[in-house]
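FYI, the numbering used here numbers position 42 of the sequence shown as 42, with every residue one higher than the one before it.
The beta-carbon is built from N, C-alpha and C at its ideal position, and this holds for glycine as well.
Okay, so here's the structure we're looking at.
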Amino acid sequence: MFLRIEETKPKKLIGYSTTTSIAEDKTIMVWKKLMPRLKEIHNAVSADLFSLQIYDFKSLEKFTPLTKFQKYALVEVKDFDSIPEGFEKFELEPGKYAVFLHKGTTQDFMQTTQFIFGEWLPKSEFKLDDRPHFELLGDKYKGHENPESEEEVWIPVK
């Protein structure tokens, strides 16, 4: 499940966001907004998609299904010079990430996060950093309901 530690470079991303929680998951809303408009993005770096979360770092210790966070559906672009109307800009700052492989459905994702935060992180030399978390949905991502789907889970560490 653990793949590697990676230092990211700054990334320019565009897409949509919403405030949500695990209990009232609005993730599908941002993806339904982004996916039909992908063809309008002419300066994408790749076909990879970013599912990104920003948590209130202080609330992570007491995280519950009702804890609110910001959820983004994004595409990396070369620059912000030609952004289609209505898209939000997001700049991902450089930093160190622990990268994990999640294989399976969205329902299986809880097992992956339990491994990361319950086993791997406490036993590692790293601490959670106060930066965005994201999943990279590349060419092996087959949709959130497909048990053969694969995505990389990027957790900010220091």
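Item: Proximity below 8 Å, CB of residue 116 to CB of residue 100; Value: yes
Item: Beta carbon of residue 54 nearer than 8 Å to that of residue 70; Value: yes
Item: Extent of the continuous beta strand (DSSP E) run through residue 107; Value: Looking at the DSSP string, residue 107 is not in any beta strand (DSSP E), and its letter there is neither H nor E.
Item: Delimiting residues of the alpha helix (DSSP H) encompassing residue 30; Value: 27-34
Item: Helix, strand or coil at residue 115 according to DSSP, with G and I counted as helix; Value: helix
Item: Touching by the beta-carbon criterion (3+ pairs, under 8 Å), the region 36-43 and the region 120-130; Value: no
Item: Residue environment, residue 28, which counts as buried when at least 16 other CB atoms sit within 10 Å; Value: exposed
Item: Best match in 97, 3, 65 for proximity to residue 154 [C-alpha to C-alpha]; Value: 97
Item: Per-residue DSSP class, three states only, for residue 50; Value: strand
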